[in-house]
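Input: a single structure, listed below in structure tokens.
Chains as they are written, first to last, in the numbering used here: chain C, 2 to 71; chain Z, 21 to 300.
And the structure:
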């Protein structure tokens, strides 16, 4: 698990509205910019909050706002 | 010599910044918390502080895992906020009591507390949301001290109390005739993000407030020395009681603690408390 990369992605999404919009419409391209493993990509693509928490990934309080529309 | 004249500790729910969020609270909770903030503001005003030192944590708006100090002191000429817009937090600009801030950092580095410092530290809702109700004119020079009570590993609760005590002693040996008040913000119990989001542990919150009011700090710092033990009962947001403990540490014996308000505020997802240390 590369928790730092997931946290960095979530932080960047929260601070960059343009990136957040891009994330909602083209998630794969945004995820490609971060060093994520297969499990992390899947948890983020499905926006599995409970799964992310169980994997010890979420340390961010704004995640629900960023849910992609896929 | 400078003198510590008052201390306030309170929760820093971002929703408290906006009047419309107060309007949505049930009458009893709104009345209780408004009265608590009014009393805290009066205590601060009556203590006539020249300087306000804050202990508050960050929410990845000022620090992140690429650079995450345990204790970070703002030493520049002024501070602005919020670092990141949101939650209807208003923009503010506050002068920093730079001379005392630099004195505290230097005393720390020479005396056993390795403070990080910043010439350009911004504020976030942790300071701004409660200060709207406590120092609404934004005219008291402040010293923002950011405590890592957000992202593990964190300084232990005892360390936070001890660092607060160190800062309090620094103030009282600073050779300037200034009156200094403290404000710590955060907590009480709340879970933000994980599956328990929205839970409030009223029993823990009231136990914690009672320990502070009785001065039984070591019961808190011993029982919750481990990060996991505190998180289990108070949530990931409950770590912010570190900011209250820092204020408790800074208080001289002549100032007495009293709880001003507490509400297990489920609508704001947080056990919300207000406490003061004053000469009365």
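Cβ atoms here follow ideal geometry from the backbone N, Cα and C, with glycine treated the same way.
Spatial neighbours of residue i within its chain, please: CB distance less than 6 Å, with the 5 preceding and 5 following residues excluded, ordered by chain position.
{"i": "residue 41 (chain Z)", "result": "35"}
{"i": "residue 114 (chain Z)", "result": "99, 158, 162"}
{"i": "residue 23 (chain Z)", "result": "199"}
{"i": "residue 56 (chain Z)", "result": "280, 281, 294"}
{"i": "residue 186 (chain Z)", "result": "133"}
{"i": "residue 225 (chain Z)", "result": "208, 209, 291"}
{"i": "residue 35 (chain C)", "result": "6, 10"}
{"i": "residue 135 (chain Z)", "result": "91, 93, 125, 128"}
{"i": "residue 272 (chain Z)", "result": "24"}
Got a sec: is the Cβ-Cβ distance from residue i to anything in chain C below 8 Å?
{"i": "residue 84 (chain Z)", "result": "yes"}
{"i": "residue 33 (chain Z)", "result": "no"}
{"i": "residue 288 (chain Z)", "result": "no"}
{"i": "residue 80 (chain Z)", "result": "yes"}
{"i": "residue 47 (chain Z)", "result": "no"}
Where does residue i fall in DSSP's three states?
{"i": "residue 297 (chain Z)", "result": "strand"}
{"i": "residue 45 (chain Z)", "result": "coil"}
{"i": "residue 271 (chain Z)", "result": "coil"}
{"i": "residue 39 (chain C)", "result": "helix"}
{"i": "residue 157 (chain Z)", "result": "coil"}
{"i": "residue 65 (chain C)", "result": "Because the pLDDT at residue 65 (chain C) is just 48, under 50, the model does not fix this residue reliably, and the value given afterwards should be weighed accordingly. Note: residue 65 (chain C) maps to helix in three-state DSSP."}
{"i": "residue 151 (chain Z)", "result": "helix"}
{"i": "residue 21 (chain Z)", "result": "coil"}
{"i": "residue 282 (chain Z)", "result": "strand"}
{"i": "residue 32 (chain Z)", "result": "coil"}
{"i": "residue 47 (chain C)", "result": "coil"}
{"i": "residue 128 (chain Z)", "result": "helix"}
{"i": "residue 3 (chain C)", "result": "coil"}
{"i": "residue 167 (chain Z)", "result": "strand"}
{"i": "residue 114 (chain Z)", "result": "strand"}
{"i": "residue 258 (chain Z)", "result": "helix"}
{"i": "residue 39 (chain Z)", "result": "helix"}
{"i": "residue 245 (chain Z)", "result": "coil"}
Apart from the five residues just before and just after residue i, which ones in its own chain have a Cβ nearer than 7 Å to its Cβ?
{"i": "residue 195 (chain Z)", "result": "21"}
{"i": "residue 17 (chain C)", "result": "none"}
{"i": "residue 118 (chain Z)", "result": "95, 96, 97"}
Taking C-beta pairs closer than 7 Å, name the residues in chain Z that residue i reaches, listed in chain order.
{"i": "residue 110 (chain C)", "result": "Not covered by the structure: residue 110 (chain C). The range shown for chain C is 2 to 71."}
{"i": "residue 25 (chain C)", "result": "Those within 7 Å of residue 25 (chain C) in chain Z number zero; the least Cβ separation is about 18 Å."}
For residue i, would you say it is in contact with chain A, using Cβ-to-Cβ distances shorter than 8 Å as the test?
{"i": "residue 220 (chain Z)", "result": "Of the protein chains in this structure, namely C and Z, none is chain A."}
For residue i, which residues in chain C fall below 8 Å Cβ to Cβ?
{"i": "residue 104 (chain Z)", "result": "15, 16"}
Using a Cβ cut-off of 9 Å, pull out every chain Z residue sitting near residue i, in sequence order please.
{"i": "residue 42 (chain C)", "result": "The premise fails here: residue 42 (chain C) is roughly 20 Å from chain Z at the closest Cβ pair, so nothing lies under 9 Å."}
Quick one: does residue i have its CB under 8 Å from some CB of chain Z?
{"i": "residue 8 (chain C)", "result": "yes"}
Who are the neighbours of residue i on chain C, taking C-beta pairs under 7 Å?
{"i": "residue 107 (chain Z)", "result": "Chain C residues near residue 107 (chain Z): none, gap ~10 Å exceeds 7 Å."}
Output needed for residue i: all residues of its chain with C-beta closer than 8 Å, excluding positions within five of it in sequence on either side, in chain order.
{"i": "residue 121 (chain Z)", "result": "93, 94, 95, 137, 163"}
{"i": "residue 46 (chain Z)", "result": "287"}
{"i": "residue 218 (chain Z)", "result": "211, 286, 289"}
At 4 residues or longer, and completely inside the region 6-33 of chain C: list those alpha helix (DSSP H) runs for me, N to C.
18-26, 28-33
As an exercise, report each continuous beta strand (DSSP E) stretch of at least 3 residues that is fully enclosed by the region 53-112 of chain Z, in chain order.
71-76, 91-94, 98-101
4-residue-minimum alpha helix (DSSP H) runs that sit fully inside the region 174-236 of chain Z, ordered along the chain:
177-193, 222-234
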